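Residue numbers (our numbering): 3 to 110.
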């Protein structure tokens, strides 16, 4: 019996470690939309895409919870503020670069 347990443990390393599959956001959205349509069961969709049903159910839930974010209007205003901050930083870095270039020119 001990021999069997040892040989079993020895063989466990031979099979190799199974890696996780990483799916693109577009693929996740496609699968989640199909699940939200409810034309097929979650299990059928999971079987077709060779996924676990819990994965499909989680993606479906995440999509349903976050779908209202697609229609928020606050994002446009944040973009203008961010652009202003970036332009200010560009100006600061340009002044700093010019100052350092002049100092380097004096040393040569």
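Glycine included, every Cβ here is placed at the ideal spot set by N, Cα and C. Bear in mind that the values here come from a model prediction, so they are computed numbers and not experimental data.
Given this structure, state the Cα-to-Cα distance separating residue i from residue j, to the nearest angstrom.
| i | j | result |
| --- | --- | --- |
| residue 102 | residue 96 | 10 Å |
| residue 9 | residue 54 | The predicted position of residue 9 is uncertain, since its pLDDT is 47 and thus under 50; a value taken from the coordinates is nonetheless stated next. Their Cα atoms are separated by approximately 31 Å. |
| residue 109 | residue 100 | 15 Å |
| residue 71 | residue 88 | 25 Å |
| residue 27 | residue 94 | 37 Å |
| residue 65 | residue 35 | 8 Å |
| residue 50 | residue 19 | 25 Å |
| residue 68 | residue 92 | 34 Å |
| residue 75 | residue 81 | 11 Å |
| residue 39 | residue 83 | 38 Å |
For residue i, collect the residues of the same chain with a Cβ closer than 7 Å to its Cβ; drop the 5 residues on either side in sequence, then sort them by chain order.
| i | result |
| --- | --- |
| residue 58 | 33, 37, 44, 47, 48 |
Would residue i count as contacting chain D if we go by Cβ distances under 8 Å?
| i | result |
| --- | --- |
| residue 26 | Looking at the structure shown, chain D is missing, and only one protein chain is on hand. |
Please classify residue i: does DSSP put it in a helix, a strand, or coil?
| i | result |
| --- | --- |
| residue 50 | helix |
| residue 23 | coil |
| residue 74 | coil |
| residue 67 | helix |
Excluding five sequence neighbours on each side, which residues of the same chain lie with their C-beta closer than 6 Å to the C-beta of residue i?
| i | result |
| --- | --- |
| residue 30 | 61 |
Note down, in chain order, each residue of its chain lying with its Cβ closer than 8 Å to the Cβ of residue i, except the 5 sequence neighbours on either side.
| i | result |
| --- | --- |
| residue 106 | none |
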